[in-house]
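Student:
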Amino acid sequence: ILAEAGYDGVEIWHDHLMSLDRTGRDAIRAQASDLGLGVSMISPYFDFTTSDESAGRSMEYAHELIAEAAALNARGIRVFTGKAGSGEATEEQWTRAADSLRSLCDAGAAANLLWCMELHSRNLTDSIEGALKLIRRVDHPRLQMILQPSTCISNYMEAVEKLSPYTAHVHATNLRDKKMCPLSEGEMDWREILRRLGENGFAGFVSVEWFGEDPAGAARREGKYLRELIGKAGNSESQ
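Position one of the sequence shown corresponds to residue 37 (the numbering used here), numbered consecutively onward.
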């Protein structure tokens, strides 16, 4: 469906991949290759903030995912830091998360992997300030951001401006009255978002994220809409 709709790649949720046996994972890799689809991101969940034990389990899983990402030639691995928000996290939680991420950046270097922290609620990167704080603490070129402007819908263009230098991937969603809606009908101006990203040198994937009905129809509709905007904005051709 995605290949026929003109997409360049796919972001794979970790459970959809890791619930398969080796034969199934190899089949995913072969299918993506045959269809000319890159793997933009593998998207798991980690917990570096709750305790040393939760961080240790997350590190073990992250190392397992490095091998899977390398096999898929994935560009990166999505990062959720845990359930502690930036406004409530202790110094110990910030330090543990930063140390864990710095170690993973080094571990994934051989596979040329990026570790991409999503701008998302219930994380250390739940705000512009939280994201910048963790980026500066880790201080590693392989630590990047997944920019999800809807997380900061009241000041989304500020998020685009301040985080675009660290952004490797974008989640395209839109909201109206706090409910998900088509990109063209929400409160955020995706034409302006893409224009500013292009001016700031963004050259990654824009990934359509949809939780509503008719996902195949939404993929076709939103892909077409983004291609039209990207053409007008002179932005990256990747979707």
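Glycine included, each C-beta is placed from N, C-alpha and C at the ideal position.
How long is the line joining the alpha carbons of Arg-132 and Ser-243, rounded to whole angstroms?
Tutor: Mapped onto the sequence shown, residue 132 falls at position 96. Mapped onto the sequence shown, residue 243 falls at position 207. Rounded to the nearest angstrom, the two C-alpha atoms are 29 angstroms apart.
Student: Counting along the chain, where does the alpha helix (DSSP H) carrying Cys-141 start and finish?
Tutor: The residue given as residue 141 occupies position 105 in the sequence shown. Residues 127-143.
Student: Note down the Cα distance separating Arg-256 from Leu-38, rounded to an integer number of angstroms.
Tutor: Residue 256 sits at position 220 when you count from the first residue of the sequence shown. Residue 38 sits at position 2 when you count from the first residue of the sequence shown. If I take the Cα positions, the gap works out to 8 angstroms.
Student: Could you check whether the region 130-144 touches the region 86-103, counting it as contact only if at least three pairs of C-beta atoms, one from each stretch, sit closer than 8 angstroms?
Tutor: The answer is yes - the region 86-103 touches the region 130-144, with three or more Cβ pairs under 8 angstroms.
Student: What does DSSP give as the partner residue(s) for Ala-208 in the beta ladder?
Tutor: Residue mapping note: residue 208 aligns to position 172 of the sequence shown, counting from 1. Partner(s): Val-244.
Student: According to DSSP, simplified to helix, strand and coil, what is Thr-161?
Tutor: Taking the first residue of the sequence shown as 1, we reach residue 161 at position 125. DSSP places Thr-161 in coil when its eight states are reduced to three.
Student: Helix, strand or coil for Ser-94, going by three-state DSSP, please let me know.
Tutor: As a first step, residue 94 is located in the sequence shown; it is residue number 58 there, counting from the start. Helix at Ser-94.
Student: So, Leu-155 versus Leu-199, is the Cβ gap smaller than 8 angstroms?
Tutor: Position 119 of the sequence shown holds residue 155. Position 163 of the sequence shown holds residue 199. In contact: Leu-155 and Leu-199 (Cβ atoms closer than 8 angstroms).
Student: Which same chain residues end up closer than 7 angstroms to Ala-143 when comparing Cβ atoms and leaving out the 5 residues on each side of it in sequence?
Tutor: Position 107 of the sequence shown, counted from the first residue, corresponds to residue 143. Result list for Ala-143: His-99 and Ile-102, in chain order.
Student: In terms of DSSP beta bridges, what is Val-75 paired with?
Tutor: As a first step, residue 75 is located in the sequence shown; it is residue number 39 there, counting from the start. DSSP, once it has assigned bridges, lists Val-46 as partnering Val-75.
Student: Taking its Cβ as the centre, do 16 or more other Cβ atoms sit within 10 Å of Glu-235, making it buried, or is it exposed?
Tutor: Along the sequence shown, read from residue 1 onward, the residue named residue 235 stands at position 199. With fewer than 16 Cβ atoms within 10 Å of its Cβ, Glu-235 is classed as exposed.
Student: Does the Cβ of Pro-201 have 16 or more other Cβ atoms within 10 Å, making it buried, or fewer, making it exposed?
Tutor: In the sequence shown, counting from the first residue as 1, residue 201 sits at position 165. Exposed is the call here.
Student: Suppose you measure from the CA of Thr-203 to the CA of Ile-266; what does that come to, to the nearest Å?
Tutor: Indexing the sequence shown from 1 puts residue 203 at position 167. Indexing the sequence shown from 1 puts residue 266 at position 230. When rounded, the distance between both Cα atoms is 17 angstroms.
Student: Which residues bound the alpha helix (DSSP H) around Ala-230?
Tutor: Along the sequence shown, one-based indexing puts residue 230 at 194. As written in the sequence, residue 230 is Leu, which differs from the Ala given in the question. It spans 226-235 - the alpha helix (DSSP H) in which Leu-230 sits, taken as one unbroken run.
Student: Can you tell which of Pro-218, Tyr-81 and Ala-147 has its C-alpha closest to the C-alpha of Asn-159?
Tutor: As a working note, residue 159 is residue 123 in the sequence shown. Ranking the options by Cα distance to Asn-159, first place goes to Tyr-81.
Student: So the beta strand (DSSP E) Glu-154 belongs to, where does it begin and stop?
Tutor: For this step, residue 154 is matched to residue 118 along the sequence shown. Start and end: 150-154.
Student: Considering just the uninterrupted stretch of the beta strand (DSSP E) at Leu-179, what are its terminal residues?
Tutor: For the purposes of this step, residue 179 is identified with residue 143 of the sequence shown, where counting begins at 1. Taken as a continuous stretch (DSSP letters only), the beta strand (DSSP E) holding Leu-179 covers 179-183.
Student: Do we get a CB-CB distance below 8 angstroms when we pair Glu-100 with the residues of chain D?
Tutor: Among the protein chains of the structure shown there is no chain D, as only one such chain exists.
Student: For the beta strand (DSSP E) that contains Ile-113, what are its first and last residues?
Tutor: Numbered from 1 along the sequence shown, position 77 holds the residue referred to as residue 113. First-last of the beta strand (DSSP E) with Ile-113: 112-115.
Student: Alpha helix (DSSP H) containing Glu-194: first to last residue?
Tutor: What you label residue 194 is simply residue 158 of the sequence shown in a count that begins at 1. Taken as a continuous stretch (DSSP letters only), the alpha helix (DSSP H) holding Glu-194 covers 192-199.
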